[in-house]
Amino acid sequence: MPHLKKCVFVDDLLAVTILSCLGAIFVLVPPFNETFLRIPVALSLFFFVPGYAFISALFPGNKEISGIERFTLSVGFSLVLTVFDGFLISLLPWGYRPAPIVISILGITTFFSILAIFTRKLKDESEQFSFSLKEFIKSIQSDEVHEEPEVPEEITSPAEIRRFHRSKSKVKAKGLKYPSITGKGADTRKKSLPPEIEKALVIALIGSIIISSAMLAYAKMTREKETFTMLYLLGPDGKAEGYPDESFINVPVNVTVGIENHELQSVNYILQMKVDEEVIQELNVPLKDGEVWQKNLTYTRHSLKNDRSKLEFALFKEKPDYFSYRSVHLYLDNNNTFSHLVDEKYTDASSLPVIKNGEMESSEIWNFTSNTEYIKGSYVSGSGVNSSLAYRISSSYNGSLFDQPGQSGEISQNITCGEDTMAVLSAYVIDNFNLTSKEDSQLKYVAVNGDTVWTDGVSEAEGWQHLEVPVSLQAGENNLSFGLRQVPGEIVPVDVFWDRISFKPLSELSAYISETNTVETVPPTSSVLELPAFTDNKTFTVSWNGTDDLSGIAYYSIDSSTDGVNWEPWISKTTDNSSSFSGKDNQTYYFRSRAVDRAGNEEPEHPEPDARTQIYTGAPRVMLDIFPNPCKTATTFNVTYPVPLQSAVCLVTRDGFESESCELTTSDNITWTGNYIARNGDYFRVEAVCTDVFGNTVSTLDELFVDRSISNFTIELTPRTINKGDLEINVTPSTTLKSRPSVSVSGSPAVNVTYLTYSDGSYYYKARIKSELNEGEHKVSVNGYDLESEQMTGNTTFIVDHSG
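Following our numbering, the numbering of the sequence shown begins with 27 at its first residue and continues without gaps.
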């Protein structure tokens with residue numbers, strides 16, 4: 027690392043740095059930037075200061091360049107650094123403005139000044155650059171160049187030569203002389219320029235400056251005057267900076283426009299203010315030669331616009347033409363928020379005008395007009411948003427309109443406003459066009475005071491569209507129009523329906539409005555998540571969720587019921603997805619959900635429950651049914667339980683014997699059945715042992731009797747005497763059968779017997795007795811098989827009497 031010496035002279039670097047700070051103050055800071063010192067300080071800042079700091083860092087020694095060379099290079103490199111600095115600044119977000127340029131020049135000067143201090147410290151103190159004004163002037167006027175006298179060289183002894191070369195001192199040893207040697211090996215020291223040549227160069231430089239100035243003055247005096255016009259924009263402080271770059275609804279954008287006439291004659295200028303190529307203001311500005319005109323012009327946006335707008339000021343001579351003579355413009359980002367509109371007229375719905383019959387519930391108020399017989403209008407029932415009335419504009423035209431003027435039909439209404447205001451125009455519209463068209467030759471539209479504020483092509487099945495369009499209303503009478511327009515192209519028949527037209531305050535404009543000013547109309551979907559069929563806790567958790575592809579779900583409302591028919595609100599407008607519900611023992615509860623999205627769309631009411639559960643706590647009671655009982659040989663065990671069972675088994679015990687296990691089967695885990703054949707004995711104890719899904723094990727006891735003497739079947743007939751009609755037959759076997767028994771009725775013609783059902787151990791049949799059946803006694807015969815495939819029969823009789 028090099029050894030740094032002391033920097034003996036920094037006054038010049040401090041001076042240029044302080045001069046840079048003064049430049050920033052006199053160029054940027056009022057009121058200093060309005061004094062006469064602004065010009066000289068700014069000139070020194072751009073034409074000398076940064077270059078001097080750069081040259082000081084590049085040439086830190088006092089003998090590297092002369093004073094006049096240092097001055098000249100400082101001016102030249104100042105111009106170079108300023109130009110490149112301006113170019114780089116123009117590429118940055120701050121742009122080519124006074125503030126970033128001056129600050130960057132200050133930074134450059136400070137950087138090179140600090141760098142110059144370090145480069146000077148690398149040299150000996152005697153070789154570092156220092157400056158004296160007297161010495162600088164004297165160096166210019168002097169005829170001689172002060173150099174150290176040349177000392178003739180003498181040949182010394184080898185010892186003296188070795189001693190001299192080993193010396194580390196940079197000071198010449200006294201008394202050493204070297205004889206002059208010519209020819210090979212002679213010392214060829216480079217001599218500086220003679221003073222006459224250097225003086226001639228200085229004079230030539232000064233002379234060239236004088237000649238250039240004289241030529242410039244001559245060109246200025248002899249040049250013909252240029253004719254031109256200046257058109258410019260000024261910011262809020264009257265400077266070429268701070269221009270507006272954003273546009274809010276109903277907030278004025280102010281710009282000062284200036285025109286200077288240098289045409290050497292009087293000119294009548296036409297100034298047009300345009301927004302996105304639309305002329306919104308035109309001024310006639312007559313100016314004499316040399317006259318200056320400035321005026322503050324205002325643009326106020328009253329409608330929604332996306333992206334950015336071009337605010338242009340076009341200047342014409344005498345009259346407007348296709349091409350402007352001069353033009354300047356600004357780009358404004360359109361901010362469509364309304365948070366700045368806090369006046370009551372923008373937030374209070376009661377201050378807005380009322381649209382009569384906006385719900386289309388009567389056939390009055392709206393006025394229909396059409397310029398063609400093919401487009402007609404009428405009120406239609408059952409076609410509205412909620413299956414109510416709507417206004418239908420129907421077009422029956424089918425063909426091409428390329429060679430014909432456009433056709434339209436619309437409904438309109440005049441409303442009155444007390445003052446200029448803004449509101450959100452809300453409406454619902456739908457068309458019955460179910461195809462996809464590549465061209466919009468038919469358009470739905472909304473117009474306010476003749477200006478179209480919304481339009482959309484009739485090109486595909488879109489369903490109901492909910493429009494929310496911010497509109498400007500003027501004091502006095504305003505006209506609202508809603509219609510169907512047809513332009514040149516292929517036209518097919520179509521119906522357009524309008525419904526629920528109203529005004530809303532700006533503060534209620536949906537946050538989920540699209541670029542086409544339509545609000546989402548697709549409702550969300552939601553559901554209560556499935557619950558277990560039974561729960562042993564009186565307080566349990568109910569969960570739900572939902573989806574909405576666009577705006578997202580705003581909140582849920584949950585209903586509960588004890589029968590699945592009559593509903594009561596449980597939770598209203600919650601953003602949670604679960605909650606604890608408390609119920610009563612042995613009660614079944616049903617649940618359903620309803621979601622509302624952030625665009626205000628409500629989910630339709632669910633006709634059926636989403637989920638259900640039954641509360642069952644404690645030790646439930648087991649129901650054991652045995653039939654037939656008493657039985658002849660076999661019987662059936664039927665076990666029922668209020669909640670699902672993991673397992674169920676019946677233990678059958680005869681006195682003096684071990685218990686037999688009878689396995690039961692089920693299809694729903696609630697009702698379990700099993701058959702048992704009593705081969706020995708006539709009395710048994712039966713215990714049903716059950717384990718439910720909650721781990722509870724419960725049992726119940728019953729008795730089984732066996733009587734092998736009883737008849738195979740008990741047959742009951744209703745009625746016993748019949749003329750014609752249905753004869754009811756109830757067959758109860760005394761033992762469990764392998765399958766349903768067959769039943770037949772004697773007589774001629776044959777009697778048709780129909781099986782009905784099985785319940786509580788009995789089979790039910792129906793016999794159709796006709797008037798053609800012969801009178802007298804008839805037999806009902808029953809035939810079946812027990813579990814061991816033994817045949818079982820039985821019969822009884824009834825009487826047919828046609829006399830009554």
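Ideal Cβ positions, reconstructed from N, Cα and C, are used throughout, including at glycine.
7 angstroms CB neighbourhood of residue i in its chain, flanking five on each side removed
i	result
Val518	Asn424
Asn756	Glu742, Ser788, Tyr790
Thr43	Thr135, Thr136, Ser139
Asp827	Thr747, Asn749, Glu801
Cβ shell of residue i (< 6 angstroms), same chain only, five flanking positions each side left out
i	result
Leu39	Ser139, Ala142
Pro550	Gly572, Asp574, Ile579, Ala621, Asp623, Glu629
Ile845	An answer regarding residue 845 cannot be provided, because it is not within the stretch 27 to 830 covered by the chain.
Val472	Val479, Trp480, Phe508
Glu173	For Glu173, the predicted structure reports a pLDDT of 43, less than 50, and the residue's modelled location is therefore unreliable. The matter cannot be settled from this model.
Ser772	His804, Lys805
Ile91	Phe85
Distance CB(residue i)-CB(residue j) smaller than 8 angstroms
i	j	result
Gln512	Ser421	yes
Ile641	Gln613	yes
Ile401	Tyr417	no
Ser482	Ser553	With the sequence shown as reference, residue 482 is identified as Asp, and Ser is not the correct amino acid for it. Contact: no.
Glu494	Asn543	yes
Leu257	Pro496	no
Ile441	Asn362	no
Ile115	Ala50	no
Gly476	Thr547	no
Leu499	Ala537	no
Gln433	Asn393	no
Phe339	Ser353	yes
Residue i - DSSP class collapsed to helix/strand/coil
i	result
Ile584	strand
Thr43	helix
Arg746	coil
Pro126	helix
Gly87	strand
Val648	coil
Gly835	Because the chain in this structure spans residues 27 to 830, residue 835 falls outside the shown range and cannot be described.
Pro759	strand
Thr145	helix
Ala266	coil
Ala79	helix
Ala537	coil
Gly432	coil
Glu849	There is no way to answer for residue 849, as the model of the chain reaches only from 27 to 830.
Val411	coil
Gly444	coil
N- and C-terminal bounds of the beta strand (DSSP E) containing residue i
i	result
Ile306	304 to 313
Thr282	279 to 288
Lys470	468 to 474
Arg624	No beta strand (DSSP E) contains Arg624, which DSSP labels as neither H nor E.
Lys336	334 to 343
Pro496	491 to 499
Cys33	Per DSSP, Cys33 belongs to no beta strand (DSSP E) and is neither H nor E.
Ala704	Element bounds for Ala704: n/a, residue is neither H nor E.
Trp524	520 to 530
Segment limits, alpha helix (DSSP H) that includes residue i
i	result
Ser70	64 to 73
Lys610	It is not in any alpha helix (DSSP H) - Lys610 carries neither H nor E in the DSSP assignment.
Ile736	Unbroken run through Ile736: none, as it is neither H nor E.
Arg96	93 to 117
Glu370	370 to 373
Near the ligand NAP: residue i beta-carbon under 7 angstroms from a heavy atom
i	result
Asn276	The ligand content of the structure shown is nil, which means the ligand NAP is not present either.
Cβ shell of residue i (< 8 angstroms), same chain only, five flanking positions each side left out
i	result
Phe88	The identity of residue 88 in the sequence shown is Asn, whereas the question assumes Phe. Cβ within range, chain order: Glu153, Gln154, Phe155, Ser156.
Ile296	Glu308, Leu309, Asn310, Val311, Leu341, Phe342, Lys343, Glu344, Lys345, Pro346
Ala185	Legend: pLDDT at Ala185 = 43, less than 50; position of this residue unreliable, value from coordinates given subsequently. There are no such residues.
Quick one: any contact between the region 728 to 746 and the region 699 to 711, if contact means 3 or more CB pairs under 8 angstroms? Contact between the region 728 to 746 and the region 699 to 711 is present, because at least three Cβ pairs lie under 8 angstroms.
Say whether the region 282 to 300 touches the region 382 to 399, bearing in mind that this needs 3 or more beta-carbon pairs closer than 8 angstroms, one atom from each stretch. Verdict: no, contact absent.
Mind the definition here: the region 793 to 805 touches the region 759 to 768 only if three or more C-beta pairs lie below 8 angstroms; say whether that holds. Short answer: they don't touch.
At least 3 beta-carbon pairs within less than 8 angstroms: the region 53 to 70 vs the region 117 to 128: Result yes; three or more Cβ-Cβ pairs closer than 8 angstroms.
So, does the region 269 to 282 touch the region 317 to 333, judging by three or more C-beta pairs under 8 angstroms? With a cut-off of 8 angstroms, the region 317 to 333 and the region 269 to 282 count as touching, because enough Cβ pairs lie within range.
With contact counted as at least three CB pairs below 8 angstroms, one residue from each stretch, are the region 529 to 543 and the region 365 to 375 in contact? The region 529 to 543 is in contact with the region 365 to 375.
Are at least three pairs of beta-carbons, each pair with one atom in the region 720 to 728 and one in the region 685 to 705, less than 8 angstroms apart? Result no; under three Cβ-Cβ pairs closer than 8 angstroms.
With contact counted as at least three CB pairs below 8 angstroms, one residue from each stretch, are the region 686 to 695 and the region 655 to 662 in contact? The region 686 to 695, when compared against the region 655 to 662, does not touch it at the 8 angstroms Cβ threshold.
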